[in-house]
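One rule links them: number in this note's numbering = place in the sequence shown (from 1) + 212.
So the structure is just underneath, and the comments pick up after that.
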Amino acid sequence: MVGGGGAELLTHSTDGQVAYRNGQLHGLPHGGKRAFFVELLLQLQQELQLHVAVRDVPLARGWQMLQVQPQVALFNLSRTLAREPLARWVGPIWQEADYFYERSAYPTGVTRLEEARLLPVCVLNGNVHDHLLAQLGFSQLSRSNSYEGCLQMLVAGRVELVVSSSLDIDRKLRNADINPREVSQLPVVVNSDDGYIALSAATPEQEVRRWQAALDKLRRNGVYQQLYQQFAE
(Lines of atoms letter the chains of each structure in order from A; the text may use other names.)
(Lines give C-alpha, C1' and ligand atoms only; values in the text may rest on other atoms or scores of the structure.)
Protein backbone atom coordinates (compact mmCIF):
# COMPACT_ATOMS: atom_id res chain seq x y z
CA MET A 213 0.00 0.00 0.00
CA VAL A 214 2.19 2.81 -1.28
CA GLY A 215 -0.43 5.14 -2.68
CA GLY A 216 0.29 4.52 -6.35
CA GLY A 217 -2.15 3.71 -9.12
CA GLY A 218 -4.83 1.25 -8.07
CA ALA A 219 -4.41 1.93 -4.34
CA GLU A 220 -7.59 1.76 -2.25
CA LEU A 221 -8.27 3.01 1.27
CA LEU A 222 -11.54 1.45 2.43
CA THR A 223 -13.78 1.68 5.46
CA HIS A 224 -17.17 0.13 6.16
CA SER A 225 -20.37 0.42 8.22
CA THR A 226 -20.04 4.18 8.70
CA ASP A 227 -23.68 4.35 9.86
CA GLY A 228 -24.20 8.06 9.15
CA GLN A 229 -21.06 9.07 11.05
CA VAL A 230 -19.26 10.54 8.03
CA ALA A 231 -19.84 13.06 5.24
CA TYR A 232 -18.06 14.12 2.07
CA ARG A 233 -16.25 17.46 2.09
CA ASN A 234 -14.32 18.68 -0.96
CA GLY A 235 -14.51 15.21 -2.45
CA GLN A 236 -13.02 13.48 0.61
CA LEU A 237 -14.78 11.40 3.25
CA HIS A 238 -14.54 12.96 6.73
CA GLY A 239 -15.79 11.97 10.15
CA LEU A 240 -18.50 14.05 11.79
CA PRO A 241 -17.51 15.64 15.11
CA HIS A 242 -18.69 13.38 17.97
CA GLY A 243 -20.12 11.10 15.31
CA GLY A 244 -18.84 7.88 16.84
CA LYS A 245 -16.08 5.36 16.38
CA ARG A 246 -16.47 5.16 12.59
CA ALA A 247 -16.01 8.92 12.35
CA PHE A 248 -12.90 8.53 14.49
CA PHE A 249 -11.51 5.76 12.28
CA VAL A 250 -11.83 7.91 9.15
CA GLU A 251 -10.15 10.92 10.75
CA LEU A 252 -7.39 8.73 12.19
CA LEU A 253 -6.67 7.26 8.75
CA LEU A 254 -6.67 10.71 7.15
CA GLN A 255 -4.10 11.82 9.72
CA LEU A 256 -2.13 8.64 9.16
CA GLN A 257 -2.09 9.37 5.42
CA GLN A 258 -0.46 12.72 6.13
CA GLU A 259 2.25 11.01 8.16
CA LEU A 260 2.81 8.51 5.36
CA GLN A 261 2.58 11.16 2.60
CA LEU A 262 -0.14 9.21 0.82
CA HIS A 263 -2.93 10.71 -1.27
CA VAL A 264 -5.76 8.18 -1.55
CA ALA A 265 -9.45 9.01 -1.09
CA VAL A 266 -11.23 6.99 1.59
CA ARG A 267 -14.19 5.00 0.29
CA ASP A 268 -17.06 3.50 2.29
CA VAL A 269 -18.00 0.01 1.06
CA PRO A 270 -19.92 -2.93 2.52
CA LEU A 271 -17.65 -5.00 4.74
CA ALA A 272 -17.94 -8.20 2.68
CA ARG A 273 -17.01 -6.28 -0.49
CA GLY A 274 -14.08 -4.57 1.22
CA TRP A 275 -12.75 -7.91 2.47
CA GLN A 276 -13.03 -9.37 -1.04
CA MET A 277 -11.14 -6.40 -2.52
CA LEU A 278 -8.44 -6.84 0.10
CA GLN A 279 -7.97 -10.44 -1.03
CA VAL A 280 -7.70 -9.81 -4.76
CA GLN A 281 -6.06 -6.37 -5.09
CA PRO A 282 -2.42 -5.73 -4.17
CA GLN A 283 -2.72 -2.20 -2.71
CA VAL A 284 -5.71 -2.10 -0.38
CA ALA A 285 -6.04 -0.90 3.21
CA LEU A 286 -9.29 -1.82 5.00
CA PHE A 287 -10.25 -0.51 8.44
CA ASN A 288 -11.48 -1.20 11.16
CA LEU A 289 -11.16 -5.01 11.07
CA SER A 290 -11.00 -7.65 13.80
CA ARG A 291 -7.79 -9.69 13.67
CA THR A 292 -8.86 -13.31 13.98
CA LEU A 293 -6.93 -16.55 13.56
CA ALA A 294 -8.78 -17.27 10.32
CA ARG A 295 -7.98 -13.84 8.89
CA GLU A 296 -4.41 -13.63 10.20
CA PRO A 297 -2.60 -15.11 7.15
CA LEU A 298 -4.84 -13.33 4.63
CA ALA A 299 -3.65 -9.78 5.33
CA ARG A 300 -0.90 -7.71 6.93
CA TRP A 301 -1.91 -5.98 10.16
CA VAL A 302 -1.33 -2.50 11.58
CA GLY A 303 -2.62 -1.54 15.01
CA PRO A 304 -4.57 -2.00 17.09
CA ILE A 305 -6.56 1.17 16.51
CA TRP A 306 -9.55 0.17 18.69
CA GLN A 307 -10.49 -2.13 21.58
CA GLU A 308 -14.01 -3.15 22.58
CA ALA A 309 -16.34 -5.84 23.92
CA ASP A 310 -19.44 -7.02 22.05
CA TYR A 311 -22.70 -8.20 23.64
CA PHE A 312 -26.09 -9.63 22.72
CA TYR A 313 -29.02 -7.19 22.77
CA GLU A 314 -32.71 -8.16 22.99
CA ARG A 315 -36.12 -6.47 23.06
CA SER A 316 -36.81 -5.30 26.59
CA ALA A 317 -40.45 -6.36 26.41
CA TYR A 318 -39.59 -9.88 25.20
CA PRO A 319 -36.64 -11.17 27.27
CA THR A 320 -35.02 -14.32 25.97
CA GLY A 321 -33.63 -15.47 29.30
CA VAL A 322 -30.23 -16.09 27.69
CA THR A 323 -27.37 -16.00 30.20
CA ARG A 324 -24.75 -18.00 28.30
CA LEU A 325 -23.55 -17.89 24.71
CA GLU A 326 -24.56 -21.47 23.93
CA GLU A 327 -28.16 -20.79 25.03
CA ALA A 328 -28.61 -18.45 22.06
CA ARG A 329 -27.50 -20.97 19.45
CA LEU A 330 -31.00 -21.79 18.19
CA LEU A 331 -32.38 -18.25 18.34
CA PRO A 332 -32.67 -15.88 15.36
CA VAL A 333 -29.70 -13.48 15.55
CA CYS A 334 -28.86 -10.55 13.28
CA VAL A 335 -25.20 -9.82 12.50
CA LEU A 336 -23.35 -7.41 10.22
CA ASN A 337 -22.76 -9.26 6.97
CA GLY A 338 -19.24 -10.68 6.82
CA ASN A 339 -17.99 -9.28 10.12
CA VAL A 340 -16.28 -11.13 12.96
CA HIS A 341 -19.60 -11.93 14.68
CA ASP A 342 -20.93 -13.48 11.48
CA HIS A 343 -17.97 -15.85 11.20
CA LEU A 344 -17.71 -16.58 14.92
CA LEU A 345 -21.37 -17.46 15.46
CA ALA A 346 -21.49 -19.53 12.26
CA GLN A 347 -18.50 -21.53 13.50
CA LEU A 348 -20.22 -22.04 16.86
CA GLY A 349 -23.23 -23.61 15.16
CA PHE A 350 -25.70 -20.72 15.26
CA SER A 351 -28.26 -21.87 12.73
CA GLN A 352 -30.56 -18.83 12.40
CA LEU A 353 -28.26 -15.98 11.44
CA SER A 354 -29.76 -13.04 9.57
CA ARG A 355 -27.30 -10.68 7.90
CA SER A 356 -27.60 -6.96 7.30
CA ASN A 357 -25.26 -4.40 5.74
CA SER A 358 -25.79 -2.05 8.70
CA TYR A 359 -26.24 -2.24 12.46
CA GLU A 360 -29.31 -0.03 12.12
CA GLY A 361 -30.81 -2.66 9.84
CA CYS A 362 -30.20 -5.32 12.49
CA LEU A 363 -31.71 -3.20 15.26
CA GLN A 364 -34.78 -2.44 13.16
CA MET A 365 -35.21 -6.16 12.55
CA LEU A 366 -34.95 -6.70 16.30
CA VAL A 367 -37.68 -4.23 17.33
CA ALA A 368 -39.88 -5.53 14.50
CA GLY A 369 -39.63 -9.01 15.98
CA ARG A 370 -37.91 -10.54 12.95
CA VAL A 371 -34.94 -11.62 15.10
CA GLU A 372 -34.57 -12.10 18.84
CA LEU A 373 -30.97 -10.96 19.30
CA VAL A 374 -28.47 -8.51 17.81
CA VAL A 375 -24.72 -8.38 18.42
CA SER A 376 -23.07 -4.98 18.96
CA SER A 377 -20.29 -3.24 20.78
CA SER A 378 -21.43 -1.67 24.03
CA LEU A 379 -19.43 1.49 23.30
CA ASP A 380 -21.69 2.85 20.59
CA ILE A 381 -25.02 1.05 20.98
CA ASP A 382 -26.78 4.27 22.04
CA ARG A 383 -25.65 6.01 18.86
CA LYS A 384 -26.76 3.08 16.70
CA LEU A 385 -30.19 3.16 18.34
CA ARG A 386 -30.51 6.90 17.67
CA ASN A 387 -29.53 6.41 14.04
CA ALA A 388 -32.16 3.67 13.76
CA ASP A 389 -34.77 5.93 15.43
CA ILE A 390 -35.30 3.41 18.23
CA ASN A 391 -36.04 4.32 21.85
CA PRO A 392 -33.14 2.94 23.96
CA ARG A 393 -35.66 1.58 26.48
CA GLU A 394 -36.91 -0.84 23.83
CA VAL A 395 -33.57 -2.69 23.80
CA SER A 396 -31.62 -4.31 26.64
CA GLN A 397 -28.07 -5.62 26.88
CA LEU A 398 -27.65 -9.23 27.94
CA PRO A 399 -24.84 -10.25 30.34
CA VAL A 400 -23.24 -12.32 27.59
CA VAL A 401 -19.96 -11.22 26.02
CA VAL A 402 -19.98 -12.51 22.46
CA ASN A 403 -16.51 -11.31 21.58
CA SER A 404 -13.72 -9.11 22.90
CA ASP A 405 -11.33 -7.98 20.25
CA ASP A 406 -8.96 -5.38 18.93
CA GLY A 407 -9.59 -3.52 15.69
CA TYR A 408 -6.83 -3.17 13.09
CA ILE A 409 -5.99 -1.74 9.71
CA ALA A 410 -5.68 -4.66 7.30
CA LEU A 411 -3.30 -4.28 4.36
CA SER A 412 -3.20 -6.51 1.30
CA ALA A 413 -1.21 -9.69 1.94
CA ALA A 414 1.27 -8.69 -0.77
CA THR A 415 2.28 -5.53 1.13
CA PRO A 416 6.06 -5.59 1.76
CA GLU A 417 7.21 -5.92 5.37
CA GLN A 418 9.00 -2.58 5.16
CA GLU A 419 5.74 -0.85 4.24
CA VAL A 420 3.87 -2.56 7.10
CA ARG A 421 6.53 -1.33 9.54
CA ARG A 422 6.23 2.18 8.08
CA TRP A 423 2.47 2.20 8.72
CA GLN A 424 2.91 0.85 12.24
CA ALA A 425 5.57 3.44 13.06
CA ALA A 426 3.29 6.24 11.83
CA LEU A 427 0.40 4.97 13.98
CA ASP A 428 2.67 4.63 17.02
CA LYS A 429 3.80 8.23 16.49
CA LEU A 430 0.18 9.45 16.53
CA ARG A 431 -0.32 7.68 19.85
CA ARG A 432 2.86 9.12 21.37
CA ASN A 433 2.28 12.71 20.31
CA GLY A 434 -1.31 12.83 21.55
CA VAL A 435 -3.00 13.13 18.15
CA TYR A 436 -4.75 9.76 18.56
CA GLN A 437 -6.34 10.87 21.85
CA GLN A 438 -7.29 14.28 20.45
CA LEU A 439 -9.06 12.67 17.50
CA TYR A 440 -10.77 10.18 19.81
CA GLN A 441 -12.14 12.97 21.99
CA GLN A 442 -13.22 15.04 18.99
CA PHE A 443 -14.88 12.31 16.94
CA ALA A 444 -15.50 9.12 18.95
CA GLU A 445 -16.92 10.54 22.18
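C-beta: ideal position from N, C-alpha, C; glycine also.
Quick one: Cα of residue i to Cα of residue j, how far?
| i | j | result |
| --- | --- | --- |
| Leu221 | Gly434 | 24 Å |
| Leu366 | Arg300 | 35 Å |
| Leu260 | Leu385 | 36 Å |
| Tyr436 | Leu430 | 5 Å |
| Thr292 | Leu344 | 9 Å |
| Arg374 | Ser316 | Note on identity: in this sequence residue 374 is Val, with Arg being the wrong assignment. One C-alpha to the other measures close to 13 Å. |
| Ala328 | Ala346 | 12 Å |
Check each candidate in the options and name the one with the smallest Cα separation from residue i.
| i | options | result |
| --- | --- | --- |
| Val250 | Ala285, Ala328, Leu366 and Glu394 | Ala285 |
| Glu326 | Phe350, Ile305 and Tyr313 | Phe350 |
| Val280 | Ala294, Ala328, Ala414 and Ala426 | Ala414 |
| Ile409 | His242, Val230, Asp227 and Glu296 | Glu296 |
| Val395 | Thr320, Val420, Arg421 and Leu427 | Thr320 |
| Pro399 | Tyr313, His242 and Gln258 | Tyr313 |
| Leu271 | Phe287, Gln352, Ser376 and Gln418 | Phe287 |
| Leu289 | His242, Arg246, Thr323 and Arg324 | Arg246 |
Quick one: grab the DSSP three-state call for residue i.
| i | result |
| --- | --- |
| Val374 | strand |
| Glu394 | helix |
| Asn288 | strand |
| Tyr350 | Note that residue 350 corresponds to Phe in the displayed sequence, not to Tyr. The answer is coil: DSSP assigns Phe350 none of H, G, I, E or B. |
| Asp428 | helix |
| His238 | strand |
| Asp382 | helix |
Any heavy atom of the ligand NAP closer than 6 Å to the CB of residue i?
| i | result |
| --- | --- |
| Gln276 | Within the structure as shown, the ligand NAP is missing, as the structure has no ligands at all. |
Enumerate in chain order the residues of its own chain whose CB-to-CB distance from residue i is below 6 Å, with the five nearest sequence positions on each side excluded.
| i | result |
| --- | --- |
| Gly534 | Nothing in the structure corresponds to residue 534, since the chain is present only between 213 and 445. |
| Gly244 | Gln229, Asp380 and Arg383 |
| Trp423 | Val302 |
Spatial neighbours of residue i within its chain, please: CB distance less than 8 Å, with the 5 preceding and 5 following residues excluded, ordered by chain position.
| i | result |
| --- | --- |
| Pro304 | Arg291, Asp406, Gly407 and Tyr408 |
**OP:** Take every Cβ of the stretch 307-319, pair it with every Cβ of the stretch 395-411, and state whether three or more of those distances are shorter than 8 Å.
**Re:** yes
Original post:
Are the stretch 353-368 and the stretch 334-345 touching, with three or more C-beta to C-beta distances below 8 Å?
Top reply: yes
Original post:
Taking contact to mean at least 3 C-beta pairs separated by less than 8 Å, is the stretch 240-257 in contact with the stretch 434-443?
Top reply: yes
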